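Data first, discussion second: the structure below is written as structure tokens.
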Amino acid sequence: MFINPEVPLESLPSADNLDWHALHPSFVRRLQLGALIRVLVIGAIGTVAYLLMQGGDSEAMGRFADWLLSYALIAFGVFAASILIWPVIAVPRRGYVVREKDILYKTGVLWRSVKAVPFNRVQHTKIDSGLLDRRFGLANLSVFPAGAGGHKIRGLGTDTAERLRVYVSERIEAEAIEPADDERSPPPDPRTEAGAAPDNGPVTDAG
Amino acid sequence: MNPSEPGAWQRTSPFAILFFIGRTIKSFTRSLIQLVATFGALAVLIERNPQVALAIPAGIVAIIAAGVLQYWFFRFRIEEDRIHIHQGVVRKTALDLPFDRVQGINVERSLIDRILGLVTVSMDTAGSATAEGQLPSVTSELADDLRGRIRAHRPVKTADRIADDERAGEAAGEAEEGRGRERSPGQVILRLTGGDIARIGFSNRNLVVAAAVLGLFGQSIDFAEERLRPILESAGEAFAGAGALIQVLVVIGFVLVGLGLVLFGALLRYHGFTLWREGTAYRTRAGLLTQREVVVETRKIQQLTLSHNLVLRLFRRHRLRALPAALLPNQGSADTPGLQIAEVLEVPLLQGPEAEDLRKSVFGREGDALTLLPRSAGFKRVSPHYIRALTLRISFTLALVAVPFLTGLLRDRGPGEVVLGVFIFWLASILPAALVGWVRWRRQGYLHDGDGLASRSGFLGRKVDAFLFRKAQSVTVVQSPLQRRKGLATLNVQLACGPLSVPYIDLGVASRLRDYMLYRVESSQRRWH
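Heads up: the sequence lines are chains P and L, in that order. Those letters in the first sequence? Residues 1 to 207, per our numbering, in order. Those letters in the second sequence? Residues 1001 to 1529, per our numbering, in order.
See below:
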């Protein structure tokens, strides 16, 4: 028999107040090491450029290099400090939650976002890890739905990433073949499919 | 090329050589600009060393030979459930395309094709490159046969119930058809007249831009006047004060030429535009010389967008676009990274009620309370704090763009004065930025029911994007620092055809919409594509 009980909106699972999983503790150090390498490379390029400008025949160019040096040093100092400190601020604010039907990822310090990707929309998953990631035993998990709205969860432990990937793949398959218990009967009518009556809008709007 | 003979390898008609020659030339020159640049460079070379000119016939012969060879090595075989395409002279490719992977089948007829009764078929696939799924210059019977076979091989999932679901969906669609104007498959929904084509031409965005350019570069009028004056003066010396008259004539001439160009452009592209419903698909055909045909299955449509610019608003007409999934990553296999951009079904001109009929027919019985009409009273405003955010964003962008100019202008002054100059410029830009922000806030709005959401935006024109919740791919709630203070948030929905955003709504509303949308997606057993 086709049963289609109405779903009270208050009972819908909320994506607020979740128990967020933190990223791997080494991830901050991995990002800092990456930042340090970048700082060193940019510093080396800057030094070479300064020496070339100084060593040239043009006297005006030499004066310009000296004038530029102070500004460049200040800018470089600010840049270096910020990208070295940034991971300490940003990483604790990232986190992920895997639920039965979707995977959520939160990120952002100033602009904070929480993104949810339902498993029955995921096309495929990917794990990758760069040289630095492997040095710290880390891996990144990407989850791709159709279009461009996927997750790239960086800084997971290698084991965690693999376990998550396996779980996500299993969930994708389960969602694709088996209808959930409450959806066992075919939903011929799109209106009743959600179990929502027309006046049963999800939101009582204040805006 | 007998369509009723499956299993045999066949070649397309020899006229496909033209197609391959075109493809070869295209592979060298990605754009018209490159082509012009190449010819320019050649001209310079020939001027310096006339012997270079000998290379031109050699090049032409080589390109024709490449076309002939590509034609010779291009073979295809149609089987019951798939098509094999083998092609390539040096780098051979063998495409094995099961019909159930084909998203849509589009047909294009060039002028030569039309004279000879041939068509070029391209199959939209999820995952393989466009060029591989193309059959150039085949008979239209073969195209119809292919279309029939592809329709017979709808994607079948492992569970039978999905097929049931499909039938149920189609039944719903057919019930809808019974209500609407389109009673039988293949019924014409819309046909554009000559007047409509003219309206499309007048509403061309380039015309507005051209008018602005004309106004800015008034000098070109003087230039033209200098050239025209002797002609006109010799024609009739009776005009003593010919100067003003010539100027007026030149302006009128410019306007007429511009109008002629855009009208001709519209005629070229949209002549004989017809939209009809064919079973579960929508099909458009248009074009004066090259006739293009786009077929999009109803269930592949992810989003409907109705828009109008200033000119279309005057005409009380709209433009509708039905967006299918744009990027479908190939499931499972990483070796074919190609992503397919599916054809967008576009109705270049239609009236509000026609757009609403189409929406009802595309969405079926879902999303009854949605609307595509921007003037609908159902749209709710977003928070007025959006004006503040826009003002800041626009004025900062303006100030940033102005920095190089101001630095150049005040190069004799110290850095302090440059900073002050930028600051004053930023202050001065706040008022116009606020005005723009206010207008955009007035245009911004959203509307939802239990099945879907419509988001309105715009500045001079207006645009409404509508989609069904169950088509969402991911949902994001974002909060900027300002939004956090005011308890607001921006809701971003990623669809398979692109992103859609509802800015500056109450955080609670955004969260509940997200939770409900996730619920609809996760509990839906209907196919989203």
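Glycine included, each C-beta is placed from N, C-alpha and C at the ideal position. Just so we're clear, the structure is a prediction, and the values are computed from it rather than from any experiment.
Can you check whether the C-beta of A180(P) is within less than 9 Å of a C-beta belonging to chain L? Unreliable placement is indicated for A180(P), whose pLDDT of 41 sits below 50; the coordinate value is still reported in the next sentence. True, the Cβ-Cβ gap to chain L drops below 9 Å.
Return the first residue and the last residue of the alpha helix (DSSP H) that K1026(L) is part of. A1016 to F1028
I'd like to know whether the C-beta atoms of L1192(L) and L1349(L) end up nearer to each other than 9 Å. yes
Assuming the contact rule is C-beta atoms closer than 8 Å, L1310(L) and L1460(L) should be a hit. Round their C-beta distance to whole Å, please. 5 Å
Ignore the nearest five residues each way along the sequence and tell me which others in V1533(L)'s own chain have a CB closer than 7 Å to its CB. Because residue 1533(L) is not part of the residues shown, which for chain L are 1001 to 1529, the question remains open.
Counting only Cβ pairs nearer than 8 Å, list the residues of chain L close to P145(P). Q1473, S1474, Q1494 and A1496
I'd like to know whether the C-beta of R154(P) is nearer than 9 Å to at least one C-beta of chain L. no
Please classify G1452(L) as buried or exposed, where buried requires at least 16 neighbouring CB atoms within 10 angstroms. buried
Can you grab the Cα-Cα spacing for the pair S82(P) / I89(P), in whole Å? 10 Å
Which residues does DSSP pair with P145(P) in a beta bridge? V122(P)
Mind reading off the beta-carbon distance from W1438(L) to I1387(L)? Whole number of angstroms is fine, and I expect it under 8 Å. 5 Å
Which chain P residues sit within Cβ distance under 9 Å of A1325(L)? A146 and G147
Under 9 Å Cβ-Cβ, which residues of chain L neighbour V117(P)? Q1473, S1474, V1475 and Q1494
Simplified DSSP state of P952(L), which is helix, strand or coil: Here chain L covers residues 1001 to 1529 and nothing more, so residue 952(L) does not appear.
Would you call the segment 56–73 of chain P in contact with the segment 109–118 of chain P, where contact means no fewer than 3 C-beta pairs closer than 8 Å? no
Run through the DSSP bridge pairs and tell me what W1276(L) is partnered with. V1188(L) and R1283(L)
So if I threshold CB-CB distances at 9 Å, which residues from the segment 1371–1399 of chain L count as touching chain P? K1380, R1381, V1382 and S1383
What are the start and end residues of the alpha helix (DSSP H) that includes G1352(L)? G1352 to F1363
In chain L, which residues lie with their C-beta within 8 Å of the C-beta of G150(P)? S1474
Whose Cβ in chain P lies nearer than 8 Å to the Cβ of S1511(L)? S14, A15 and D16
May I ask you to report which of helix, strand or coil DSSP gives D1465(L)? strand
Just how far apart, CA to CA, sit A1454(L) and K106(P)? 26 Å
So, using beta-carbon positions, are L947(L) and G1508(L) closer together than 9 Å? Residue 947(L) is absent from the structure shown; chain L starts at 1001 and stops at 1529.
Pick helix, strand or coil for Q1051(L), following the three-state DSSP scheme. helix
Label L1495(L) either buried or exposed according to how many other C-beta atoms from any shown protein chain fall within 10 Å of its C-beta, with 16 as the threshold for buried. buried
Please classify Y209(P) as buried or exposed, where buried requires at least 16 neighbouring CB atoms within 10 angstroms. Summary: the structure shown does not reach residue 209(P), with chain P confined to residues 1 through 207, and so no result is reported for it.
By alpha-carbon positions, which one of D102(P), S142(P), F136(P) and V41(P) ends up nearest to S14(P)? D102(P)
Quick one: residues in its chain with C-beta nearer than 6 Å to the C-beta of A1094(L), no 5 flanking neighbours on either side, listed in chain order? H1086
Would you please verify whether the beta carbon of W1438(L) is less than 9 Å from any beta carbon of chain P? no
Indicate whether Q1303(L) and A1466(L) have their beta-carbon atoms separated by less than 9 Å. yes
Please classify V143(P) as buried or exposed, where buried requires at least 16 other C-beta atoms within 10 Å of its C-beta. buried
Output yes if chain L places a C-beta closer than 9 Å to the C-beta of E175(P); else output no. yes
Shortest alpha-carbon distance to R171(P) belongs to which of S1376(L), E1522(L), W1528(L) and R1527(L)? E1522(L)
In the DSSP assignment, what residue or residues form a beta bridge with I1105(L)? M1123(L)
Need the endpoints of the alpha helix (DSSP H) that E1522(L) sits in, please. L1507 to S1523
Which same chain residues end up closer than 6 Å to A1433(L) when comparing Cβ atoms and leaving out the 5 residues on each side of it in sequence? T1391, I1394 and S1395
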